[in-house]
Structures are given as C-alpha cells and as structure tokens.
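Per full-length UniProt numbering, the sequence shown starts with residue 1, numbered consecutively.
Built from N, CA and C at the ideal position, the CB exists for glycine as well.
Report on the structure given below.
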Amino acid sequence: MIEVKTPDELQAMRAAGLVVARTLAAVRTAAKPGVSTAELDELAEQTIRDAGAVPSFKGYHGFPASICASVNEQIVHGIPAKTQVLADGDIISVDCGAILDGWHGDSAVTLAIGAVSDADLALSAATEAAMWAGIEAVRAGGRLTDISYAVQSAAERAGRDDGVEYGMIVEYGGHGIGRQMHMDPFLPNIGKPGKGPRLKAGMALAIEPMLTGGGGETRELDDGWTVVTADGSRAAHWEHTVAITEEGPWVLTAPEDA
1 MIEVKTPDEL QAMRAAGLVV ARTLAAVRTA AKPGVSTAEL DELAEQTIRD AGAVPSFKGY
61 HGFPASICAS VNEQIVHGIP AKTQVLADGD IISVDCGAIL DGWHGDSAVT LAIGAVSDAD
121 LALSAATEAA MWAGIEAVRA GGRLTDISYA VQSAAERAGR DDGVEYGMIV EYGGHGIGRQ
181 MHMDPFLPNI GKPGKGPRLK AGMALAIEPM LTGGGGETRE LDDGWTVVTA DGSRAAHWEH
241 TVAITEEGPW VLTAPEDA
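Here you go:
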C-alpha cells in the first residue's frame, strides 16, 4: 500500500520540504576547506529548529546527528564528526530530513569542496541527472519501476557520454514518505519499466540515486552506519522528495525560487 495524501497534506509536506531546502542551502554556503562535518551538522540542526521543525535523522534508529555527511568514498549514512575536516578536492554528499507539523521532507546534494577533479564533477552531475530523469517519470497512471528504469537509463547514458562505467548502488534506493520518513514502497534505482504498483495523484516518493566512479559493491564501517565503496572509488548521492499530481511531478524539496 502506498499512502495517498490530500492536497492540504501535500502542502504541509511542501512546507517541510522548504525547511530542508533552506537547510541544504545553508550547508552548501558553509561547506569549505577547513570546516568539519560536525560544524555542518550543528548548522543544519540550528537551521531546522529555527524554522520550528525537528531533524528527521537525529535519533532515527539511533543515528546520532541531524544530517548524513558522506565524504569521498563514503556513499551514504556518514556520521558527522569534528575529526572529519573537509579539504580542497573533496566531495561531500549531505542528506537532510526535517519534520514540520508531523510531515517529513528528505533531500540530498553532493557538494564540491574547493577545486574538485573533472571526474568527480562529472560523477556528481551524472547522479543529479539520473535523479531528474527519475523525477520526470513520476506520473499518475505510470508504474513504480518506470522511475527505476528512467534513473538507470540516465545513469548509463551519462556513463557513455563521459566514457566511464559508473557503479550503481542497488542496496539503497528511494522510498515512500509522508508522516514517516521511510514508508512503502522501496524504490529501486534499476529495473525494467511497467512493473510494481500503479502511481496515483497524492502519492509522495523520495527519488535518490547513488553512483560511484568505480564498482557498485559496498561495505559498512564498524560504526554501524557509514556505507563506503568497496573499491575506494568516490561516490555521489542526490535526492528530492516528489509528489505525484495530475499535472505532473511536484518537487517538494526544491528551493523556494526554483
């Protein structure tokens, strides 16, 4: 079962999404060489709470921070730390969630720190393009795996254009979202089209591809959270929360002026 929201409930989710968008904008401005991921986490939590919202991630299944801050070979669920200081040439994926009036917003961006290699910029751009392709496939009357197929196809197309075979992370993917951060269905980032539940107006999904510059195999660190590439290659992660409407996809976590 995929929860169907009323128009008013989607508006409430949009308000939560705007909190996330503003928080990621603040983190983007602050993320520079010499800044620790713990400092970014403190900024994110303050921004969320100043908006009258609550961080979705803090305490979620015991997660200790308000953002996931995944640097370089870290793919997802990186724990912010004072000892993790950003350096010139790093890339960092920042995943952020906020709860406002009981409704969740969830979004992620990959940021370049200082002068980043062309390969890493291309990796991030390919991942973002795959996310937007998935968003374009969020259509009432379609099927869930139409989104999966769009994400996979865009990632493969970007790889051909860039002359790189990007690794696709298949253990992690998108999800339903609403009064809970993670709801049914799980949304794979690969798959054939035309399968899975039929999409209806009022549903909300988080679309979130993760690509690597190498293979798709992963391992989890001893902290029980941080997922890294098995081969040490760098990774990128992009995500938006999207509502299905009769007029097409509505990106609930887009910035206010987007």
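Consult DSSP for residue 263 and reduce its assignment to one of helix, strand or coil. This structure cannot settle anything about residue 263, because the visible part of the chain is limited to 1 through 258.
Quick test of the definition: if touching needs 3 or more C-beta pairs under 8 angstroms, does the stretch 191-201 touch the stretch 104-115? Remark: fewer than three beta-carbon pairs, one from each stretch, lie closer than 8 angstroms, so the stretch 191-201 and the stretch 104-115 are not flagged as touching.
Buried or exposed: MET61, going by 16 or more other Cβ atoms within 10 Å of its Cβ? The residue given as residue 61 occupies position 61 in the sequence shown. Reading off the sequence shown, one finds His at residue 61, where the question assumed Met. Counting C-beta atoms within 10 angstroms of its own C-beta, HIS61 has fewer than 16 neighbours from the protein chains shown and is therefore classed as exposed.
Through-space distance from ILE92 to GLU247, alpha-carbon basis: Indexing the sequence shown from 1 puts residue 247 at position 247. Indexing the sequence shown from 1 puts residue 92 at position 92. The straight-line gap from Cα to Cα measures roughly 34 angstroms.
Do ALA51 and ARG14 count as a contact pair if the criterion is CB distance below 9 angstroms? To locate residue 14, count along the sequence shown from 1; it is residue 14. To locate residue 51, count along the sequence shown from 1; it is residue 51. Taking 9 angstroms as the cut-off, the Cβ atoms of ARG14 and ALA51 do not count as close.
Please list the terminal residues of the continuous alpha helix (DSSP H) segment that includes PRO7. The residue you call residue 7 lines up with position 7 of the sequence shown. Start and end: 7-30.
On the premise that LEU24 lies in contact with VAL94, defined as a C-beta separation below 8 angstroms, what is that separation, rounded to the nearest angstrom? To locate residue 94, count along the sequence shown from 1; it is residue 94. To locate residue 24, count along the sequence shown from 1; it is residue 24. Right, the Cβ-Cβ distance comes to about 6 angstroms (below 8 angstroms), so this counts as a contact.
Beta-carbon proximity list for ALA53, same chain, < 8 angstroms, skipping 5 on both sides: Within the sequence shown, the letter at position 53 stands for residue 53. So the qualifying residues of the chain are ALA16, VAL19, ALA98, ILE99 and LEU100.
Let me know the secondary structure DSSP gives SER36 once reduced to three states. In the sequence shown, counting from the first residue as 1, residue 36 sits at position 36. Strand, per DSSP.
Taking THR218 as the reference, give the member of GLU171, GLU208, GLY196 and MET181 with the closest Cα. Here residue 218 refers to the residue found at position 218 of the sequence shown. Of GLU171, GLU208, GLY196 and MET181, the residue nearest in Cα terms is GLU171.
On the criterion of 16 or more Cβ atoms from any shown chain inside 10 Å, does GLU256 qualify as buried, or is it exposed? For the purposes of this step, residue 256 is taken as residue 256 along the sequence shown, with counting starting at 1. By the 16-neighbour rule on beta-carbons within 10 angstroms, GLU256 is exposed.
Helix, strand or coil, according to DSSP, for ARG139 in the structure here? As a working mapping, residue 139 is identified with position 139 in the sequence shown. The answer is coil: DSSP assigns ARG139 none of H, G, I, E or B.
Are the stretch 30-49 and the stretch 66-76 touching by the rule of at least three beta carbon pairs closer than 8 angstroms? At 8 angstroms Cβ cutoff, the stretches touch.
Please name the residue in ASP231, PRO209 and ALA108 whose C-alpha comes closest to that of SER148. Stepping through the sequence shown from its first residue, residue 148 is reached at position 148. Restricting attention to ASP231, PRO209 and ALA108, the CA atom closest to the CA of SER148 is found in PRO209.
Reduced DSSP secondary structure (H/G/I, E/B, other) of ARG179: Residue mapping note: residue 179 aligns to position 179 of the sequence shown, counting from 1. Note: ARG179 maps to coil in three-state DSSP.
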